[in-house]
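Protein sequences appear in the order of chains D and B.
With numbering that gives the first Met the number 0 applied, the first sequence closes on residue 359, and no number is skipped along the way.
With numbering that gives the first Met the number 0 applied, the second sequence closes on residue 359, and no number is skipped along the way.
Number of protein chains: 2
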Amino acid sequence: MMRNIHRLAGRIGSKGVALRPHLKTSKSKEIAKRLLTGGTGPATVSTLNEAEMLLEAGVRDIIYAVGVTPQKLDRVSSIRSAGCDLAVILDSEEQARAVAEASARLGQSIPALIELDCDGHRSGIGLNDPALVSIGRILNNGSAQLRGVLTHAGQSYGVYGRAAHAELAEQERQAAVKAADALRNAGLLCPVVSIGSSPTAHAIKNLDGVTEVRAGVYTFFDLVQAGIGVCEIDDIALSVLTTVIGHQRDKGWIITDAGWMAMSRDRGTAEQKVDQGYGVVCDELGAVLSNLIVLKVNQEHGIIAQRPGGDAQLPNLPVGSRLRILPNHACATAAQFDCYNVITTEPGAPLEQWSRFNGW
Amino acid sequence: MMRNIHRLAGRIGSKGVALRPHLKTSKSKEIAKRLLTGGTGPATVSTLNEAEMLLEAGVRDIIYAVGVTPQKLDRVSSIRSAGCDLAVILDSEEQARAVAEASARLGQSIPALIELDCDGHRSGIGLNDPALVSIGRILNNGSAQLRGVLTHAGQSYGVYGRAAHAELAEQERQAAVKAADALRNAGLLCPVVSIGSSPTAHAIKNLDGVTEVRAGVYTFFDLVQAGIGVCEIDDIALSVLTTVIGHQRDKGWIITDAGWMAMSRDRGTAEQKVDQGYGVVCDELGAVLSNLIVLKVNQEHGIIAQRPGGDAQLPNLPVGSRLRILPNHACATAAQFDCYNVITTEPGAPLEQWSRFNGW
Numbered sequence: 000m001m002r003n004i005h006r007l008a009g010r011i012g013s014k015g016v017a018l019r020p021h022l023k024t025s026k027s028k029e030i031a032k033r034l035l036t037g038g039t040g041p042a043t044v045s046t047l048n049e050a051e052m053l054l055e056a057g058v059r060d061i062i063y064a065v066g067v068t069p070q071k072l073d074r075v076s077s078i079r080s081a082g083c084d085l086a087v088i089l090d091s092e093e094q095a096r097a098v099a100e101a102s103a104r105l106g107q108s109i110p111a112l113i114e115l116d117c118d119g120h121r122s123g124i125g126l127n128d129p130a131l132v133s134i135g136r137i138l139n140n141g142s143a144q145l146r147g148v149l150t151h152a153g154q155s156y157g158v159y160g161r162a163a164h165a166e167l168a169e170q171e172r173q174a175a176v177k178a179a180d181a182l183r184n185a186g187l188l189c190p191v192v193s194i195g196s197s198p199t200a201h202a203i204k205n206l207d208g209v210t211e212v213r214a215g216v217y218t219f220f221d222l223v224q225a226g227i228g229v230c231e232i233d234d235i236a237l238s239v240l241t242t243v244i245g246h247q248r249d250k251g252w253i254i255t256d257a258g259w260m261a262m263s264r265d266r267g268t269a270e271q272k273v274d275q276g277y278g279v280v281c282d283e284l285g286a287v288l289s290n291l292i293v294l295k296v297n298q299e300h301g302i303i304a305q306r307p308g309g310d311a312q313l314p315n316l317p318v319g320s321r322l323r324i325l326p327n328h329a330c331a332t333a334a335q336f337d338c339y340n341v342i343t344t345e346p347g348a349p350l351e352q353w354s355r356f357n358g359w
Numbered sequence: 000m001m002r003n004i005h006r007l008a009g010r011i012g013s014k015g016v017a018l019r020p021h022l023k024t025s026k027s028k029e030i031a032k033r034l035l036t037g038g039t040g041p042a043t044v045s046t047l048n049e050a051e052m053l054l055e056a057g058v059r060d061i062i063y064a065v066g067v068t069p070q071k072l073d074r075v076s077s078i079r080s081a082g083c084d085l086a087v088i089l090d091s092e093e094q095a096r097a098v099a100e101a102s103a104r105l106g107q108s109i110p111a112l113i114e115l116d117c118d119g120h121r122s123g124i125g126l127n128d129p130a131l132v133s134i135g136r137i138l139n140n141g142s143a144q145l146r147g148v149l150t151h152a153g154q155s156y157g158v159y160g161r162a163a164h165a166e167l168a169e170q171e172r173q174a175a176v177k178a179a180d181a182l183r184n185a186g187l188l189c190p191v192v193s194i195g196s197s198p199t200a201h202a203i204k205n206l207d208g209v210t211e212v213r214a215g216v217y218t219f220f221d222l223v224q225a226g227i228g229v230c231e232i233d234d235i236a237l238s239v240l241t242t243v244i245g246h247q248r249d250k251g252w253i254i255t256d257a258g259w260m261a262m263s264r265d266r267g268t269a270e271q272k273v274d275q276g277y278g279v280v281c282d283e284l285g286a287v288l289s290n291l292i293v294l295k296v297n298q299e300h301g302i303i304a305q306r307p308g309g310d311a312q313l314p315n316l317p318v319g320s321r322l323r324i325l326p327n328h329a330c331a332t333a334a335q336f337d338c339y340n341v342i343t344t345e346p347g348a349p350l351e352q353w354s355r356f357n358g359w
């Protein structure tokens, strides 16, 4: 984990741009401390609960990167009043009016970034939408504050290799810079130009006009990221420790006590070149047993078998044997737990427990 | 929820057989109180954490229905010492030896049921496997105790309609009764003959030779159960309340703040006659908006759209509108939360919060 953190921090830092890690993956104060510059920010979150927990941990600069609703603005304001510069994102005039109204009502200038749609993936305003400027005006003419623009190349998770990710990174950059220019040409300040996803952050070359890069899942990495070439299997810093509970020898099944309740139902590698089932199997110390995958899961049962087409002999793993499963999607698997058991590289160091903040 | 609970309790009770509800779906002391006879049992659990929480709630008769490992037996013994008759299940001689050894070591006769494979779904010993009797002997000749046999027709989730479920229920019954007879013919006592799944429990006609029926997801029901004809959509007692955060009008998308972190990644209806995406959309009061489904999810974003092929007009749902999503799989969706917000039928009654016990 520390290697993953240092690698991206070094990469983005060397380009003179801020890294704003996304805490949605780890949701942990202990990890925030290690992930964030000086432990205080900048940070990205996906829920207001994360923002409240990070506020407690001393983080002072946060973007809540899911489109805000009117109902959430009082809570946003409370977090700001407690000393954290929390900004929201939005992509409609109705949201801008709600933020301007709440700012006036609460006597507090809530900062907002306009979310841009750079790749058709999800939310965000189109680059040629005249609402871009009108949203900025609604914020600034009201009591709110246009903080900048933000975009996320969600499509980067679906394409393979550094060249493809670099292309989407440039698309992210151009979208954000173009929108920032349009706002500035309309006489609006646009201090923040924020882009990023784990694949594009690791591939981007040119950051001209960008002020910050966001990424989250790289903290732990996972099989989906390995499958699109962003990391190696050996970089994956999160695993589920499980125990063999039985066998169906005629079917070649080894049954464990890590079902979907432990792994999550995420099948993110299903459409990739190598389908990793519900996870890659390692021995207790983390060495990959390369011919095995978690083939199926029920609530509390995992079924380990040969990879489809495999014909190696199944290893001898009696009931009680411990295995470690690498997950498809670190965000989803970590969310099934309320804490991490932390293994350090220091030999003989005691296991630490770091709690997670799930919920909203 | 109370209607679902009463319906199955009435059905199984009228046949003079015990119902042993599975708490893995609800994981709640408040729901256990309502689900279990007199609030004290019998109950089924999928983790020892559930058993410990139910012990605290006064439950005194539990089967831990996931194959036990040697490492878990000290914890089993502690729960038993605290006054709860907790039984384990197993399907191998090596587990039986571990249970016998732990019983001797701990000076406590740990009861175990032999898990039977009635449909090739997952765990369990084959009906003609000579290990059936030898497992019973290892338990009883050691200091442990053969409590009975148990099976679960997991395949019933994959077939449609009462007739098909009744057939699998009869297969469950025959497997369990046959194994119990084989044990008795070998001179072993086999007091408990336990079968069940939500689909088979609602369809079974003949319970001759069976002493108890288990079922879990019927507490809440869900779209998977509705899709195989075990319940109606209107029986589903669990939903996720969400808020509209934006639109992509050219794509016909309504974007909400309930992504997979809220719904889970379960796609249990994907292979059914009607694919419900990531959930059926209702208005805030629970009336189904029948032309809409949750088409896609990201971590904190749900994308609602017309059902594929639909051409009805999208309803006007401005940012801030609240919707309620019915889940594919109640066990998986409930597991994404640490409590329930409980709506009673009493008008104006305050919202109660019931906590869940996740984890292991």
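Even for Gly, the Cβ is constructed at its ideal location relative to N, Cα and C.
Taking its Cβ as the centre, do 16 or more other Cβ atoms sit within 10 Å of residue i, making it buried, or is it exposed?
i: V273/D; result: exposed
i: D249/D; result: exposed
i: D116/B; result: buried
i: G186/B; result: exposed
i: G258/B; result: buried
i: L85/B; result: buried
i: R323/D; result: buried
i: G12/B; result: exposed
i: A348/D; result: exposed
i: N357/D; result: buried
i: A269/B; result: exposed
i: N184/B; result: exposed
Have a look at residue i and residue j and give me their C-alpha separation to the nearest angstrom.
i: T39/D; j: R96/D; result: 30 angstroms
i: Q58/D; j: P41/D; result: In the sequence as presented, Gln is not what sits at residue 58/D; that position holds Val. Their Cα atoms are separated by approximately 8 angstroms.
i: G278/B; j: Q224/B; result: 13 angstroms
i: G141/D; j: L47/D; result: 24 angstroms
i: I342/B; j: R355/B; result: 16 angstroms
i: A329/D; j: F219/D; result: 7 angstroms
i: Q271/B; j: T199/B; result: 18 angstroms
i: A50/B; j: A17/B; result: 19 angstroms
i: M1/D; j: P110/B; result: 46 angstroms
i: H5/B; j: L237/B; result: 17 angstroms
i: L145/D; j: I137/D; result: 9 angstroms
i: E351/D; j: D233/D; result: 22 angstroms
i: T344/D; j: L284/D; result: 12 angstroms
i: A304/B; j: D282/B; result: 14 angstroms
i: A214/D; j: Q94/D; result: 25 angstroms
i: I78/D; j: L7/D; result: 29 angstroms
i: V209/B; j: R74/B; result: 29 angstroms
i: L294/D; j: H164/D; result: 30 angstroms
i: Y159/B; j: L54/B; result: 37 angstroms
i: A333/D; j: H151/D; result: 22 angstroms
Taking C-beta pairs closer than 9 angstroms, name the residues in chain D that residue i reaches, listed in chain order.
i: M260/B; result: K23, S45, T46, C330, A331, A334, N357, W359
i: D337/B; result: D337, N357, G358
Compute the beta-carbon to beta-carbon distance between residue i and residue j, rounded to the nearest angstrom, for a pair I have assumed lies under 8 angstroms.
i: H205/D; j: R172/D; result: The question names His, but residue 205/D in the sequence shown is Asn. Between R172/D and N205/D the Cβ distance is about 7 angstroms, and since that is below 8 angstroms, they are a contact.
i: A331/B; j: D265/B; result: 4 angstroms
i: S196/B; j: S155/B; result: 5 angstroms
i: E69/D; j: G319/B; result: Note that residue 69/D corresponds to Pro in the displayed sequence, not to Glu. Confirmed, Cβ separation roughly 5 angstroms.
i: C83/D; j: V148/D; result: About 21 angstroms separates the two Cβ atoms, so there is no contact after all.
i: Q170/D; j: S45/B; result: 46 angstroms between Cβ atoms; not a contact.
i: I360/B; j: G66/D; result: No answer is possible for residue 360/B: it lies beyond the span of chain B, which begins at 0 and ends at 359.
Any heavy atom of the ligand MN closer than 7 angstroms to the Cβ of residue i?
i: G208/B; result: Judged by which ligands are present, the structure shown has none, so any question about the ligand MN falls away.
What in chain D is Cβ-close to residue i, meaning under 7 angstroms?
i: G319/B; result: T68, P69, Q70
i: D90/B; result: G245
For a contact meaning CB atoms closer than 8 angstroms, what does residue i contact in chain B?
i: I254/D; result: G66, R121, S122
i: D221/D; result: The contacting residues do not exist; D221/D stays about 13 angstroms from chain B at best.
What residues of chain B sit near residue i, judged by a beta carbon separation below 7 angstroms?
i: S263/D; result: R264
The region 291–314 of chain D: positions lying closer than 9 angstroms to chain B by Cβ
K295, N297, Q298, E299, H300, I302
Going along the region 34–67 of chain B in order, which residues come within less than 8 angstroms of chain D, judged by CB to CB distance?
S45, T46, V65, G66, V67
Chain B contacts made by the region 234–245 of chain D, where a contact means CB separation under 9 angstroms
T242, V243, I244, G245
At a Cβ cut of 9 angstroms, what residues of the region 93–118 of chain B count as close to chain D, listed as they run along the chain?
E93, Q94, A97, E114, D116
In chain order, what residues of the region 182–195 of chain D put their CB closer than 8 angstroms to some CB of chain B?
none
Under 8 angstroms (Cβ pairs) to chain D, residues found in the region 146–158 of chain B:
G153
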